[in-house]
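J.:
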Amino acid sequence: MYFCRVLEARVKQERVASAIHLVNERLERIRQVSGFLFVQVMRQGNEFIAVSSWKTLKDLRGYAESEIAQNLLNDLTPLCLEPPTVRSFELLLMEESEEGFFVKDEGGEG
């Protein structure tokens, strides 16, 4: 069983590029947190959703309470029309096609 953390934000139109840059620059540190599986960041206009997936509830809580997560929220908030919302969910169903969602590196080139 896996767990997801969902961050939703409405960014000020003139700060969209800054918000994307901020999230992107924090990803390497987030990837190093115990139990991290993957993250998806989606955008429609100035609305963003980031869904991070974690191996256990303990891992998700560890990240949520970490300085990394708190700093991301603190730095993202001034770029937004209102404070971002964050919720946690238990992942009940996950399926992918036969091709798989993530590209497998079969050639060892990247």
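Numbering follows this note's numbering, with no gaps: position 102 of the sequence shown is 102. We put the CB at the ideal spot given by N, CA and C, even for glycine. Only a predicted model underlies this, so the values are computations on that prediction, with no experimental measurement involved.
Taking C-alpha atoms, which residue in E98, S88 and E82 lies nearest to R15?
T.: For the purposes of this step, residue 15 is taken as residue 15 along the sequence shown, with counting starting at 1. Of the listed residues, the one whose Cα sits closest to R15 is E82.
J.: If we ignore side chains and look at the alpha-carbon of each, how far apart do L73 and L79 end up?
T.: Sequence index remark: in the sequence shown, residue 73 carries index 73 (1-based). Sequence index remark: in the sequence shown, residue 79 carries index 79 (1-based). Using only the alpha carbons, I get a separation of about 10 Å.
J.: So, at 6 Å on beta carbons, what are the nonlocal neighbours of E98 in its own chain, with the 5 sequence-adjacent residues on each side left out?
T.: Residue 98 sits at position 98 when you count from the first residue of the sequence shown. No residues qualify anywhere along the chain.
J.: Are at least three pairs of beta-carbons, each pair with one atom in the region 4-24 and one in the region 82-94, less than 8 Å apart?
T.: Touching, yes.
J.: Comparing C-alpha positions only, which one of Y2, V33 and N24 sits nearest to F48?
T.: On the sequence shown, position 48 is the one that residue 48 refers to. For the residues Y2, V33 and N24, the minimum Cα distance to F48 belongs to N24.
J.: Suppose the cutoff is 7 Å on Cβ atoms and the five residues either side in sequence are ignored; what does the same chain contact list for D75 look like?
T.: Your numbering for residue 75 matches position 75 in the sequence shown. Result list for D75: L22, in chain order.
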